[in-house]
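Residue numbers for the sequence shown follow full-length UniProt numbering, beginning at 1 and rising by one. Glycine residues also receive a C-beta, built at the ideal position from the N, C-alpha and C atoms. Here the structure is a predicted model, which is why all the values come from computation and not from measurement. Quick notes on the structure that follows.
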Amino acid sequence: MDRALRPEPLLHRDPRALGAMRRGLAASQPGLGRPRRRHLLLRAHGLSGPLCAVSLRRGVRRGGVRPDLLLTQRNSALKKFYRAPIDWIEEYTTGMADRILVNSQYTASVFKETFKTLSHRNPDVLYPSLNIGSFDLAIPEKIDDLVPKGKQFLFLSINRYERKKNLPLALRSLVQLRNRLPSQEWDKVHLFMAGGYDDRIPENVEHYKELKKMVQESDLERHVTFLRSFSDRQKISLLHGCLCVLYTPSNEHFGIVPLEAMYMQCPVIAVNNGGPLESIVHKVTGFLCEPDPVHFSEAMEKFIHKPSLKATMGLAGKARVAEKFSADAFADQLYQYVTKLV
């Protein structure tokens, strides 16, 4: 992975965020002695690894990707019996936190549905931030070697090769787009299906084969290129060169891909549920559509027949990310939550 684009835990690697928060605490509480024990629980899939917990005091509770309740299957009576005390402990210890943070309003609703005894708690939203510095440093490369000859209208899908990401929606939308365009325009359309792939993971291998078969059966071989585990520099270059990103998952807790695309001035067509409802502004930074090929293809056609859309939506998208999802915005919001605990 290119060092310039390596994912970084924000508070551990960006001194502005944690430094600003510490300075603010010191300034607002100059006579503060040893703080009493508090718990700050962050439960959000956008706040992973070391970023899950901010150690401003000794007692800190951590949250993972999402409640473990939702990650474990309970297909047998024995498994339900075995999981019962673990699930109770997770819910009880989560309730011990003085403040619970989630990465979107959608995640907050899932939290309330999952932890029934904590339905009276109202988690606060702390949106994940994008390491925009790494994108500012990246220089897009030419993608001539990736683009087949004669292709002008380029679309991009970025997601792991997992069934829950609903990648077939992008291919079905391409089929619908073919029905909407004259042949001379259709011949210039191309879709890049890019995403994380590990041949040690059976689902990745199986789903890739399923998608390849779908392309063949739909006669899309000349219009689709699969990129498995593509490099960060390829991602930057494709975001720079494509008309828009097709973001197909439903009920995504947040989704970092739309932020990356918008900051690179690449509009996003996404499903109108979950996290994208909070990151994308419909008809301003992209389009929020019903999760069906007809609506997605209608939005795709707009970028072909009105090329200026990419520029106008792209500028609006970059401004939105810089304002709402930057390191400074993250630090300011986290600072407000932490000072309320003092």
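In the DSSP assignment, G317 falls within the unbroken alpha helix (DSSP H) covering S308 to K324. Buried is the label assigned to T285, since at least 16 other Cβ atoms lie within 10 Å of its Cβ. The beta-carbon distance between V224 and Y263, rounded to whole angstroms, is 26 Å. This is too long to meet the 8 Å contact definition.
In this structure V102 is buried. Its beta-carbon is surrounded by 16 or more other beta-carbon atoms within 10 angstroms. E141 and A329 have their alpha carbons spaced roughly 30 Å apart. Runs of the alpha helix (DSSP H) lying entirely within the region 216 to 270 and spanning at least 4 residues, in chain order: 232 to 241 and 257 to 263. Proximity to L227 across S218, L238 and D219 peaks at L238, based on C-alpha coordinates. If the five residues before and after I143 are omitted, its C-beta is found closer than 7 Å to the C-beta atoms of S237, L238 and G241, all from its own chain and listed in chain order.
Taking all protein chains in view, the Cβ of S297 is crowded by 16 or more other Cβ atoms within 10 Å, so the residue is classified as buried. Linking G195 to L156 through their CA atoms gives a straight-line distance of about 10 Å.
Secondary structure in the region 140 to 198: the beta strand (DSSP E) runs of 3 residues or longer, each lying completely within the stretch, are 153 to 158 and 189 to 195 in chain order. Note: V102 is bridge-paired with V125 in the DSSP secondary-structure output. The Cβ neighbour count for S109, taken over all protein chains shown within 10 Å, is under 16; the residue is labelled exposed. Only residues of its own chain outside the window of five on either side were considered, and among them A194 have a CB closer than 6 Å to the CB of F230, listed in chain order. Spanning the alpha carbons of I86 and T114 requires a straight line of approximately 14 Å.
Of the residues G133, S76 and P128, the one whose Cα lies closest to the Cα of Q105 is P128.
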